[in-house]
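Peer 1:
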Ligand SMILES: Nc1ncnc2c1ncn2[C@@H]1O[C@H](COP(=O)(O)OP(=O)(O)OP(=O)(O)O)[C@@H](O)[C@H]1O
Ligand SMILES: [Mg+2]
């Protein structure tokens, strides 16, 4: 069997408030094979976002080993981790988090500024990504001229434009109505099926979770 | 798109705030430039002073005269190339308000040789020397009163009572920008002859001597020698270089200059606060955006580029605008000062070095104001930055 894309070994994460330890994740171990479409569910405060952030390399565990896409994250410095993120991870936020001063196209182009691509190539890639999410006619719109569903699709385009190995989404439909949510899930499904992207989403929405191939539940910092 | 473009877009995100900040900086920079110009103008006389000229005056004070007989004695001192002399006239032209320009009774034969920076056409100099009540005036002064060569003007003496009539025989121009073009010169003999008739006990005296030394390096020794020569005489002398003499004048107003310098520093402090406030607000609002950029893989140097760049952009926009409005401001200042201007500031111009300093100030303020926001954006953890949205 090939190496799993994500491997967590006894990962724990605690926050500290006035030297008081608040354990959030406790001895989590899991593996996710390449090509998986996984939904992570669980009650509020159970540590879903925390776990996703660890896998995304934007936060570090208190204990344990994290191996993602063949790299042991604990061994990377902050700047190495940043470079690793830009190549490996596509992150989709609940509140889209587009830059309001940039057009849809510019927002999608943003991650490509970290690549050696030429200006022309960057624009082309961004345009292709926007086309893929069905927004070819909205390239010059600013985020506030778009609906929530459209904004999230721009965010997805931004996440996939660098062709990352792993797509991570924290409640990508959490702020959307049902139709838009369905569109987003369809899109993620396509990215998994057609483009072989490994996807991990956190969601409260059982309908959304249904679209995943596998659902795991987190409760009080441990898998249920 | 380039990251550079994001700087512009960010700077224009709150147009009103940015415009107000830019205007604030512009006004402050221009005030700073104006103050520096005033200080510079104050010292322009010092800059214009010649290293080979000494001023010999009465040791008691400038208000006490020296006998005209000293002239030959000074001329005989080794190292002295030439001697001239002058009296302060202090007359009223039209009225008090119009009279604030320096008037000197001078020795026509030697005066302009000692002041080669006063350019006077040779035929005008000849005409000046030939007529007892002739006068030579500076270009700016002539322009101010619309005097032409050949004009006759009247003055009322304050120190030397009576009505005095002069004929303008020459208009000089300055060799340099800092050369005083507001002076009024006429014959010492004209003054002295009249005194001999009206107040003979005051005749035969000069206000001060101007001494040209052969070698500026010997200025100190020659000055000492002159003063030694008149030690224990009826009127002891005090001789110093022209520069020291003028500085002595300025030092009377040193306190004002110090106050102006402090104000100019305060102004820089104020714009630093204004821009710092704008940048701090900006960075606080965008903390989540910086977290997103970091998530995408952008590093500290990108954030530094974005935030410092935006701060510099605003500061430089303000700085350039400020430098541009310094010119009309200086002009307005000059006009507001009106007639008094020429008397106080022989040369009033915004110097290139002032523009340079204004520009550097703007850059410095731009950098300083971005320090804290940059530090904040760089050090904030992604997860904490992102949390601010939800
Ligand atoms: N920076 C932090 N400092 C202190 N405690 C934190 C911090 N971040 C998260 N926590 C705590 O960790 C726990 C898990 O938070 P997390 O955001 O991972 O939950 P979640 O499962 O994503 O919840 P939700 O469904 O509401 O988004 C919570 O109790 C939260 O208060
Ligand atoms: Mg969460």
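Residue numbers (my numbering), protein chains in the order written: chain P, 11 to 234; chain C, 70 to 459.
No residue lacks a Cβ here, since even glycine has one placed at the ideal position from N, Cα and C.
Keep in mind that this is a model prediction, so the values were computed, not measured.
1. Determine the closest residue to residue 154 of chain P out of P/182, P/117 and P/72, with distance taken between C-alpha atoms.
2. Give the secondary structure of residue 71 of chain C by DSSP, where H, G and I count as helix, E and B as strand, and everything else as coil.
3. Verify the CB distance criterion: does residue 171 of chain P have a CB-CB separation below 8 Å to chain C?
4. According to a CB-to-CB cut-off of less than 8 Å, which residues of the stretch 343–361 of chain C neighbour chain P?
5. State yes or no: is the C-beta of residue 212 of chain P nearer than 7 Å to some heavy atom of ligand 2?
6. Would you mind stating whether residue 95 of chain C and residue 390 of chain C have Cβ atoms separated by less than 8 Å?
7. Report whether the distance from the Cβ of residue 180 of chain P to the nearest heavy atom of ligand 2 is below 7 Å.
8. For my contact list, residue 388 of chain C and residue 428 of chain C are in at a C-beta cut-off of 8 Å; report their separation, rounded to the angstrom.
9. Counting Cβ pairs closer than 8 Å, one from the stretch 124–138 of chain C and one from the stretch 351–360 of chain C, do we hit at least three?
10. Of the residues P/41, P/93 and P/156, which one's Cα is nearest the Cα of residue 17 of chain P?
11. Would residue 214 of chain C pass as an interface residue toward chain P - the criterion being a Cβ-Cβ separation below 8 Å?
12. Where residue 77 of chain P and residue 115 of chain P are concerned, what is the direct C-alpha to C-alpha distance, given to the nearest angstrom?
13. List the residues that DSSP assigns as beta-bridge partners of residue 224 of chain C.
14. Give the straight-line distance between the Cα atoms of residue 209 of chain P and residue 44 of chain P, rounded to the nearest whole angstrom.
15. So, is residue 112 of chain P buried or exposed, given that buried needs 16 or more other C-beta atoms within 10 angstroms?
16. Within 10 Å of its beta-carbon, does residue 491 of chain C have 16 or more other beta-carbons around it, so buried, or fewer, so exposed?
17. Which of the three DSSP states, helix, strand or coil, is assigned to residue 13 of chain P?
18. Classify residue 175 of chain C: buried if its beta carbon has 16 or more other beta carbons within 10 angstroms, exposed otherwise.
19. How many Å lie between residue 39 of chain P and residue 93 of chain C at the Cα?
20. Whole angstroms is fine: what's the gap from residue 205 of chain C's alpha carbon to residue 229 of chain C's?
21. Measure the C-alpha to C-alpha separation of residue 285 of chain C and residue 120 of chain C and round it to an integer number of angstroms.
22. Closer than 7 Å to a non-hydrogen atom of ligand 3 - does that hold for the CB of residue 102 of chain P?
23. Using 7 Å as the cut-off, classify the Cβ of residue 58 of chain P as near or not near the heavy atoms of ligand 2, replying yes or no.
24. State buried or exposed for residue 98 of chain P, treating a residue as buried only when at least 16 other CB atoms are found within 10 Å of its CB.
25. Please list the partners that residue 121 of chain P has in chain C, where partner means a Cβ-to-Cβ separation under 8 Å.
26. Tell me whether residue 82 of chain P sits in a helix, a strand or coil according to DSSP, three-state version.
Peer 2: Inspection of the coordinates gives the following:
1. Taking the first residue of the first chain as 1, we reach residue 154 of chain P at position 144. That would be P/117, whose Cα lies nearest to the Cα of residue 154 of chain P.
2. Within the second chain, residue 71 of chain C is the residue found at index 2, counting from 1. Three-state result, residue 71 of chain C: coil.
3. In the first chain, the residue the question calls residue 171 of chain P occupies position 161. False, the Cβ-Cβ gap to chain C never drops below 8 Å.
4. For the stretch 343–361 of chain C, the beta-carbon criterion of a distance under 8 Å to any beta-carbon of chain P is satisfied by 357, 358 and 361.
5. In the first chain, the residue the question calls residue 212 of chain P occupies position 202. Flag set: Cβ of residue 212 of chain P near ligand 2.
6. Stepping through the second chain from its first residue, residue 95 of chain C is reached at position 26. Stepping through the second chain from its first residue, residue 390 of chain C is reached at position 321. Closer than 8 Å, so yes.
7. Position 170 of the first chain, counted from the start, is the residue given in the question as residue 180 of chain P. Yes; taking the cut-off as 7 Å, the Cβ of residue 180 of chain P has a heavy atom of ligand 2 nearer than that.
8. Locating residue 388 of chain C in the second chain gives position 319, where the first residue counts as 1. Locating residue 428 of chain C in the second chain gives position 359, where the first residue counts as 1. A Cβ-Cβ separation of about 6 Å places residue 388 of chain C in contact with residue 428 of chain C under the 8 Å criterion.
9. They do not touch, by the three-pair rule.
10. Residue 17 of chain P sits at position 7 when you count from the first residue of the first chain. If we check each option's Cα against that of residue 17 of chain P, P/41 comes out closest.
11. As a working mapping, residue 214 of chain C is identified with position 145 in the second chain. Answer no: the Cβ-Cβ gap between residue 214 of chain C and chain P never drops below 8 Å.
12. Walking along the first chain from the start, residue 77 of chain P turns up at place 67. Walking along the first chain from the start, residue 115 of chain P turns up at place 105. Those two C-alpha atoms are separated by around 33 Å.
13. As a first step, residue 224 of chain C is located in the second chain; it is residue number 155 there, counting from the start. Answer is C/233.
14. Here the question's residue 209 of chain P lines up with position 199 in the first chain. Here the question's residue 44 of chain P lines up with position 34 in the first chain. Distance between the alpha carbons of residue 209 of chain P and residue 44 of chain P is about 9 Å.
15. Residue 112 of chain P sits at position 102 when you count from the first residue of the first chain. By the 16-neighbour rule on beta-carbons within 10 angstroms, residue 112 of chain P is buried.
16. As displayed, chain C neither begins before 70 nor continues past 459, which places residue 491 of chain C out of reach and without an answer.
17. As a position in the first chain, residue 13 of chain P is number 3, starting the count at 1. Looking at residue 13 of chain P - three-state DSSP - the assignment turns out to be coil, as it is neither helix nor strand.
18. If you number the second chain from 1, residue 175 of chain C lands on position 106. Burial call: buried.
19. Taking the first chain and counting its residues from 1, the one referred to as residue 39 of chain P is at position 29. Taking the second chain and counting its residues from 1, the one referred to as residue 93 of chain C is at position 24. Rounded to whole angstroms, residue 39 of chain P to residue 93 of chain C spans 58 Å at the Cα level.
20. On the second chain, residue 205 of chain C is found 136 positions in, with the first residue counted as 1. On the second chain, residue 229 of chain C is found 160 positions in, with the first residue counted as 1. Distance between the alpha carbons of residue 205 of chain C and residue 229 of chain C: 19 Å.
21. For the purposes of this step, residue 285 of chain C is identified with residue 216 of the second chain, where counting begins at 1. For the purposes of this step, residue 120 of chain C is identified with residue 51 of the second chain, where counting begins at 1. Distance between the alpha carbons of residue 285 of chain C and residue 120 of chain C: 6 Å.
22. Annotation note on ligand 3: not contained in the displayed structure, which lists ligand 1 and ligand 2 as its ligands.
23. Counted from its first residue, the first chain places residue 58 of chain P at position 48. Yes, Cβ of residue 58 of chain P sits closer than 7 Å to a heavy atom of ligand 2.
24. The residue you call residue 98 of chain P lines up with position 88 of the first chain. Classification of residue 98 of chain P: buried, given that the 10 Å Cβ count is 16 or more.
25. Stepping through the first chain from its first residue, residue 121 of chain P is reached at position 111. Simply 365 and 366.
26. Along the first chain, read from residue 1 onward, the residue named residue 82 of chain P stands at position 72. Strand at residue 82 of chain P.
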